[in-house]
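S.K.: First the structure, which I've put down as structure tokens, then a few questions once you've had a look.
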Amino acid sequence: MSQPAGPSIKDFEAALAELESIVKKLEEGDLALEPSLALYERGVQLSRFCHARLEDAERRIEILNERGELKDAPASLTADDTGRGEGRG
Numbered sequence: 010m011s012q013p014a015g016p017s018i019k020d021f022e023a024a025l026a027e028l029e030s031i032v033k034k035l036e037e038g039d040l041a042l043e044p045s046l047a048l049y050e051r052g053v054q055l056s057r058f059c060h061a062r063l064e065d066a067e068r069r070i071e072i073l074n075e076r077g078e079l080k081d082a083p084a085s086l087t088a089d090d091t092g093r094g095e096g097r098g
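Mapping of the sequence shown onto my numbering: residues 10 to 98, in sequence order.
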């Protein structure tokens, strides 16, 4: 599933730093169309890589929680939950 275009992606932190740099360059708006498209394409690759690593980390945490029998954080610690977290699922 690795994508051959562009330089290889080392790790999450390097990918995130490169992605932030790309976003900054694109926001400046000083590039011609083709270089902008190339940066955008690289940004999509980096974004997908980061998303996949975050999903992997989430799965690992869920497994660790199950093995360690850890419980969900109390509702008071989650800013977007109201009440006791009912209605989820």
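Beta carbons: idealized from backbone N, C-alpha and C, even for Gly.
Predicted, not measured: the structure shown is a model, and the values here were computed from it.
Just how far apart, CA to CA, sit L24 and K34?
M.R.: Before going on, a small fix: residue 24 reads as Ala here, not Leu. So the two alpha carbons sit approximately 15 Å from each other.
S.K.: Provide the residue span of the alpha helix (DSSP H) that contains K34, from first to last.
M.R.: Element bounds for K34: 21 to 37.
S.K.: DSSP three-state call for S45: helix, strand or coil?
M.R.: S45: helix per DSSP, three-state reduction.
S.K.: Enumerate in chain order the residues of its own chain whose CB-to-CB distance from R69 is below 7 Å, with the five nearest sequence positions on each side excluded.
M.R.: None.
S.K.: So L28 packs on L63, CB below 8 Å; how close in whole Å?
M.R.: So it is not a contact: roughly 13 Å between Cβ atoms.
S.K.: Residues in its own chain within less than 7 Å of V53 by CB, not counting five upstream and five downstream?
M.R.: Nothing listed; no residue qualifies.
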